[in-house]
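Shown next, in structure tokens, is the structure this report addresses.
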Amino acid sequence: MPQEQKPYAAPRLRVERRQSAQTIRRRRLWVAGLLALAVLGGTAAAYVHLNGNLRTVDLAPEAAGAEGRAQEGPINILVLGSDTRSSAADCKIGGDCGQRTHATSGGAAASGNADVEMLVHVSADRSHASVVSIPRDTVLDLPACRNPSSGLMTPARRDRINSTLQDGPNCTVSAVHRLTGVRIDHFVLVDFAGVVTMSNAIGGVQVCVSKAVYDPYSHLKLSKGSHTLQGLPALEFLRTRHGFGDGSDVGRSGAQHLFLTSMLRKIESAATLTNPVAVYNLADAATKAVTVDTGIGSVQSLTELAAELSKVPSEQIAFMTMPTAPNPRNSATVVPAPSAQALFSRIAADQPLTSPKKKATASSSATPKETGRPSPSPSAGTQGLPPAVTTASSQCASVSRDRSVTLNGTAMSPTRAYRLSQDVPDSAP
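To convert, take the position in the sequence shown, counting from 1, and add 1203; that gives our numbering.
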């Protein structure tokens, strides 16, 4: 039986370091946002409402790789995006509707597969954070898992990692822990409808594309340049695979990183965090959109966790996609590259993926290549890692130059597809 998880408690740290003016300003804005939430959500009715939005699942210690959450030190969170097509809006985006779903142990619906898997590591001293995407088509040895709905055991097998969510979040946590060797403290499962509501709550998320793009699979259609996306277009952007990078899941991961950093900047802006109504609307949308482990299964616990995350300077949040190699048995899938182990060992050792001595800038050296991965110059602090680390910036998502999409039965580049689809409205002005 999984042990009962204690509510999240902020670690007590004795770390002294100089803080930049930007970090201090960010901290003040987060404090203002938390106070705004306290003002509007401080009533018993509001508190019960927000807590009632949350869906929770017990995190099994044996799956996470530890007997309960460490009360001090780094924090590791597995963020999952569910690809369940449970509504007409979700089905409109594309993909398989009516996939097999089941109720989790907490009564929440889980999807057949995970469309997004990101390991978020926050350092013990809160000086840096790393976000590593694991491509959903990564094939590896998966653990045996018991389905929380049927009670039946799914045997150990070699398969895509995204299939583990069929047996609940604990199965995915177990697979990621086995792959990375990193202890998982918490998980957050976000459904597609949640992306729509959260982007609406903050008034949209600004993104940039390097060229005009039309992906008939996700229905994303954007002209070259910057756009503010919310609702359905935001979801189209996050799901676009064939239009970005090399047309693979790696390209999509890079675009997702850029979207998330832009969303983070929008949430951290004074316009959001100093507006009590905006803060409460965001909290309402977020709590409705997620399933979390019981360790962070209350508004108070999530607020305390957000306060810890806000301590990390934006320029020291590194994003990376797990290095992969082609799967010789199936060209549609990938396997972890040998260098992936060095990446995860660095995270397990609480080491940054970027050099702490230099602030990352959106220079030409960090412009995404056609693989969808930027290649900054290696630094002394990141030797041994693949050149694929990005930080929060205003980079543009790299649109594929390959004939990665099909329009009217003809393979072509996403930019040509954009020019030939004048009858299809753009996703955003």
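Beta carbons are placed, not taken as given, at the ideal position from N, Cα and C, and that holds for glycine.
Whole-Å CB distance - residue i paired with residue j, under 8 Å assumed
{"i": "residue 1432", "j": "residue 1456", "result": "Actually they do not touch by this definition, with Cβ atoms about 18 Å apart."}
{"i": "residue 1427", "j": "residue 1412", "result": "6 Å"}
{"i": "residue 1391", "j": "residue 1495", "result": "5 Å"}
{"i": "residue 1439", "j": "residue 1421", "result": "5 Å"}
{"i": "residue 1557", "j": "residue 1509", "result": "Contact flag wrong, Cβ pair sits at about 23 Å."}
Candidates the options: closest to residue i by CA position
{"i": "residue 1323", "options": "1388, 1469, 1371", "result": "1388"}
{"i": "residue 1332", "options": "1607, 1554, 1628", "result": "1554"}
{"i": "residue 1542", "options": "1508, 1526, 1536", "result": "1526"}
{"i": "residue 1515", "options": "1482, 1490, 1467, 1365", "result": "1467"}
{"i": "residue 1371", "options": "1398, 1266, 1520", "result": "1266"}
{"i": "residue 1256", "options": "1397, 1377, 1438", "result": "1397"}
{"i": "residue 1276", "options": "1460, 1610, 1551", "result": "1551"}
{"i": "residue 1378", "options": "1605, 1342, 1518", "result": "1342"}
{"i": "residue 1358", "options": "1351, 1347, 1352, 1534", "result": "1347"}
{"i": "residue 1622", "options": "1362, 1315, 1424, 1369", "result": "1424"}
{"i": "residue 1598", "options": "1248, 1460, 1535, 1395", "result": "1460"}
{"i": "residue 1355", "options": "1338, 1337, 1374", "result": "1374"}
{"i": "residue 1605", "options": "1507, 1447, 1548", "result": "1447"}
{"i": "residue 1536", "options": "1250, 1506, 1338", "result": "1338"}
Backbone secondary structure at residue i - three-state DSSP
{"i": "residue 1550", "result": "helix"}
{"i": "residue 1487", "result": "helix"}
{"i": "residue 1556", "result": "coil"}
{"i": "residue 1499", "result": "helix"}
{"i": "residue 1279", "result": "strand"}
{"i": "residue 1603", "result": "coil"}
{"i": "residue 1336", "result": "strand"}
{"i": "residue 1252", "result": "helix"}
{"i": "residue 1525", "result": "coil"}
{"i": "residue 1477", "result": "coil"}
{"i": "residue 1570", "result": "With a pLDDT of only 36 at residue 1570, under the threshold of 50, the placement of this residue in the model should not be trusted, and no figure is reported."}
{"i": "residue 1257", "result": "coil"}
{"i": "residue 1467", "result": "helix"}
{"i": "residue 1443", "result": "coil"}
{"i": "residue 1422", "result": "coil"}
{"i": "residue 1610", "result": "strand"}
{"i": "residue 1453", "result": "helix"}
{"i": "residue 1354", "result": "coil"}
{"i": "residue 1636", "result": "Outside the displayed span of the chain (1204 to 1632) sits residue 1636, for which this structure offers no information."}
{"i": "residue 1405", "result": "coil"}
{"i": "residue 1428", "result": "strand"}
{"i": "residue 1542", "result": "coil"}
{"i": "residue 1387", "result": "coil"}
Cα-Cα separation, residue i to residue j
{"i": "residue 1531", "j": "residue 1540", "result": "13 Å"}
{"i": "residue 1328", "j": "residue 1445", "result": "39 Å"}
{"i": "residue 1283", "j": "residue 1626", "result": "35 Å"}
{"i": "residue 1462", "j": "residue 1406", "result": "14 Å"}
{"i": "residue 1349", "j": "residue 1415", "result": "45 Å"}
{"i": "residue 1320", "j": "residue 1399", "result": "18 Å"}
{"i": "residue 1306", "j": "residue 1264", "result": "Residue confidence for residue 1306 is low, a pLDDT of 37 falling below 50, so the modelled location carries little weight; the figure read from the coordinates is stated next. Approximately 20 Å, taken between the alpha carbons."}
{"i": "residue 1528", "j": "residue 1538", "result": "5 Å"}
{"i": "residue 1608", "j": "residue 1442", "result": "14 Å"}
{"i": "residue 1502", "j": "residue 1486", "result": "9 Å"}
{"i": "residue 1624", "j": "residue 1410", "result": "21 Å"}
{"i": "residue 1430", "j": "residue 1470", "result": "17 Å"}
{"i": "residue 1493", "j": "residue 1611", "result": "38 Å"}
{"i": "residue 1353", "j": "residue 1497", "result": "21 Å"}
{"i": "residue 1488", "j": "residue 1620", "result": "34 Å"}
{"i": "residue 1533", "j": "residue 1248", "result": "53 Å"}
{"i": "residue 1548", "j": "residue 1480", "result": "42 Å"}
{"i": "residue 1251", "j": "residue 1315", "result": "30 Å"}
{"i": "residue 1507", "j": "residue 1368", "result": "27 Å"}
{"i": "residue 1517", "j": "residue 1351", "result": "38 Å"}
{"i": "residue 1628", "j": "residue 1613", "result": "20 Å"}
Under 8 Å between C-beta atoms of residue i and residue j
{"i": "residue 1449", "j": "residue 1340", "result": "no"}
{"i": "residue 1617", "j": "residue 1418", "result": "yes"}
{"i": "residue 1454", "j": "residue 1630", "result": "no"}
{"i": "residue 1345", "j": "residue 1360", "result": "yes"}
{"i": "residue 1259", "j": "residue 1434", "result": "no"}
{"i": "residue 1325", "j": "residue 1364", "result": "no"}
{"i": "residue 1458", "j": "residue 1600", "result": "yes"}
{"i": "residue 1490", "j": "residue 1262", "result": "no"}
{"i": "residue 1335", "j": "residue 1523", "result": "yes"}
{"i": "residue 1484", "j": "residue 1545", "result": "no"}
{"i": "residue 1330", "j": "residue 1519", "result": "yes"}
{"i": "residue 1376", "j": "residue 1512", "result": "no"}
{"i": "residue 1285", "j": "residue 1394", "result": "yes"}
Check: residue i C-beta below 7 Å from any heavy atom of the ligand MG
{"i": "residue 1387", "result": "With respect to the ligand MG, the structure shown offers nothing to examine, as it has no ligands at all."}
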